[in-house]
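Asks: Here it is, the structure in full.
Number of protein chains: 2
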Amino acid sequence: MTKVSIIGSGNVARHLIHAFQSNSEIELVQVFARNKKSLTHLLDSNSVTSDYTQLQAADVYIIAVSDDAIAEVSSQLPFENQLVVHTSGTVPLTTLESKNRRGVFYPLQTFSKDKAVNFKTIPICLEAENEKDLQTLNQIASTISDAVYQINSEQRKALHVAAVFVNNFVNHLYQMGSEICDNNNVPFEILKPLIQETANKIVSLSPKEAQTGPAKRNDLTTIEAHQQFLTDENLSTIYTLLTQSIQNNGKKL
Amino acid sequence: MTKVSIIGSGNVARHLIHAFQSNSEIELVQVFARNKKSLTHLLDSNSVTSDYTQLQAADVYIIAVSDDAIAEVSSQLPFENQLVVHTSGTVPLTTLESKNRRGVFYPLQTFSKDKAVNFKTIPICLEAENEKDLQTLNQIASTISDAVYQINSEQRKALHVAAVFVNNFVNHLYQMGSEICDNNNVPFEILKPLIQETANKIVSLSPKEAQTGPAKRNDLTTIEAHQQFLTDENLSTIYTLLTQSIQNNGKKL
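Line order of the protein sequences matches chains R and G. So for the first sequence, full-length UniProt numbering puts the first residue at 1; every next one is plus one. So for the second sequence, full-length UniProt numbering puts the first residue at 1; every next one is plus one.
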């Protein structure tokens, strides 16, 4: 069995703990948490430590902490030449202290504290400094996910920017839709099936093929009516910019 | 059985034909199509006409044509005081010729030609000039959908603008994410589970509660790194505007 230890007690750490606990191919050796009590509802307290010098031997140490803390945590580890990985979409591999063999184990998902996830469908993006460590990470990732990718730091950066567009910005557009509904006494519920269908459509169509609407049709009458309707300056600016971007789409590609 | 006739042969018309054909409570009397052949693969040719004077008696005539054609089509109808509705999200009820009793039967969904839809989950927004006609429309809509709403023309306008944000603009952001991936040799496939999860999240959380990411955290280091990464002017402008909008969110609400 491959021995894994996790350093951290936040959302990603907890979801990984859960995934490894119910895993016949992985031994979850230990979890490091500054505050031991934060994890005692998930783990036997003997498996949790808040003292780096108490960390036991493992094949991989997964640092699942906030981006800003990765460098500091990796420098605190009291051993050398072990496989140490972080779970961040934005931090380069080289941010990890070079006294250990470095890697990245990045699950590309939006983890909510209270929402269970099916890890099988979550892509895990791996990076390592040598082939053998990559294989170890691949073996571990494959026990929890059916979608494992090898992605270098430069690709991971692009992926994270793209994820901001399709996740953070998309959710913000949902919020704008919700505000327009609220301000006009329309239940936002009505839009939820459309939101689902919009996401489902691109499973089988490219986003470019799936594009519909007044901007795509260049329906200037509707666009003008919408612009007059939107008295909020922020909504109006975003409407205009995204409409123009869709209209220019054919020209650009 | 309530008798329904459909005028039109486009996507919405075809999906309605399909929904009414397999419906024990509705009799699909006739479909009007300028080109009869466009529908003969769906219907017995006796049920299709391209001559307005051949339209038979029905309880409701559903005009499912492009927005621009609704006024013209409704004025061509060779009868008076019948219930005539259109299916548009943007056109006011009053665009229909006033010689008939007017209404709206607006299925809020993005219909693709080749993609089957489950009508049961598609919200249908109804409007009518009197209570009895509204009841008739409600009875018909309820046979094909579990989500029937009464929405007046002003609310429908808001709903359509909101739908542009959560459907058209969201899909355009998917496309931007896809381009960023393509340009950096990353498979767009990796992002699809995140896209699904983003849409699924707001079934149980409000979009405001579901918001995550560097703009929400006000993580200026990551935001600056992303802005440097985005050399395309259009992507960069949209990134900056949506980031600012998320950052300002707390202040506004």
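Think of the CB as a built atom: it goes at the ideal place given N, C-alpha and C, for glycine as much as any other residue.
#1: Quick check: is the beta carbon of residue 52 of chain G nearer than 9 Å to any beta carbon in chain R?
#2: Would you report the Cα separation of residue 208 of chain R and residue 162 of chain R, rounded to the nearest angstrom?
#3: Once the 5 residues before and after residue 2 of chain G are set aside, which same chain residues still bring their CB inside 6 Å of it?
#4: Give me, in chain order, the residues of the same chain whose beta-carbon lies closer than 8 Å to that of residue 5 of chain G; leave out the 5 immediate sequence neighbours on both sides.
#5: Would you kindly work out how many angstroms separate the C-alpha atoms of residue 154 of chain G and residue 197 of chain G, rounded to a whole number?
#6: With 16 other CB atoms within 10 Å as the buried threshold, where does residue 253 of chain G fall?
#7: Give me the Cα-Cα distance between residue 13 of chain G and residue 65 of chain G, rounded to the nearest whole angstrom.
#8: Is the distance from the Cβ of residue 130 of chain R to the Cβ of residue 101 of chain R below 9 Å?
#9: Taking only beta-carbon positions, decide if residue 193 of chain G is within less than 9 Å of chain R.
#10: Answer yes or no: does any C-beta atom of chain R fall closer than 9 Å to that of residue 67 of chain G?
#11: Please list, in chain order, the chain R residues whose beta carbon lies closer than 8 Å to that of residue 9 of chain G.
#12: Hey, which unbroken runs of the alpha helix (DSSP H) at 4 residues or more fall wholly within the region 72-157 of chain R?
#13: Could you tell me which chain R residues have their CB closer than 8 Å to the CB of residue 229 of chain G, listed as they occur along the chain?
#14: Can you check DSSP and say which residues form a bridge with residue 63 of chain R?
#15: Below 8 Å on C-beta distance, what does residue 107 of chain G contact in chain R?
#16: Could you give the C-beta distance for residue 166 of chain R and residue 177 of chain G, rounded to a whole number, given that I count them as a contact under 8 Å?
#17: Assess, as a yes-or-no matter, whether the region 180-187 of chain G is touched by the region 183-203 of chain R under the definition of 3 or more beta carbon pairs within less than 8 Å.
#18: Evaluate residue 211 of chain R with the Cβ neighbour count: other Cβ atoms within 10 Å of its Cβ, from every protein chain shown; 16 or more gives buried, anything less gives exposed.
#19: Under a CB-based cut-off of 9 Å, is residue 226 of chain G close to chain R?
#20: Using 10 angstroms around the beta-carbon of residue 214 of chain G, count the other beta-carbons present and answer buried if the total reaches 16, otherwise exposed.
#21: Between residue 98 of chain R and residue 70 of chain R, which are expected to be in contact by the criterion C-beta below 8 Å, what is the C-beta distance as a whole number of angstroms?
#22: Taking DSSP as the reference, what is the three-state secondary structure of residue 30 of chain G?
#23: Skipping 5 residues on each side, what residues in its chain have a beta carbon closer than 6 Å to that of residue 109 of chain R?
#24: Leaving out the 5 sequence neighbours to the left and right, which residues in its chain are closer than 6 Å to residue 78 of chain R when beta-carbon positions are compared?
#25: Short of 7 Å in beta carbon distance, which residues of its chain neighbour residue 243 of chain R, apart from the five on each side in sequence? Order them along the chain.
#26: Distance, Cα to Cα, residue 180 of chain G vs residue 174 of chain G?
#27: Return the chain-ordered list of same chain residues with a C-beta closer than 8 Å to the C-beta of residue 149 of chain G, the five sequence neighbours on each side being excluded.
#28: Does any C-beta atom of chain R lie closer than 9 Å to the C-beta of residue 216 of chain G?
Replies: Reading off the structure:
#1: no
#2: 15 Å
#3: 26, 59 and 140
#4: 28, 29, 30, 31, 32, 55, 56, 58, 60, 61 and 62
#5: 32 Å
#6: At residue 253 of chain G, the pLDDT of 46 sits below 50, so the modelled position is not reliable; the number obtained from the coordinates is stated separately. Classification for residue 253 of chain G: exposed.
#7: 8 Å
#8: yes
#9: yes
#10: yes
#11: Here the premise fails: no neighbours, minimum Cβ distance about 18 Å.
#12: 131-144
#13: 157, 158 and 161
#14: R/7 and R/86
#15: Going along chain R, no residue has its Cβ under 8 Å from residue 107 of chain G, so there is no contact; the nearest lies around 10 Å.
#16: 4 Å
#17: no
#18: buried
#19: yes
#20: buried
#21: The pair is not a contact, with the Cβ atoms about 13 Å apart (cut-off 8 Å).
#22: strand
#23: 122
#24: 52 and 53
#25: 215 and 223
#26: 10 Å
#27: 123, 124, 125 and 126
#28: yes
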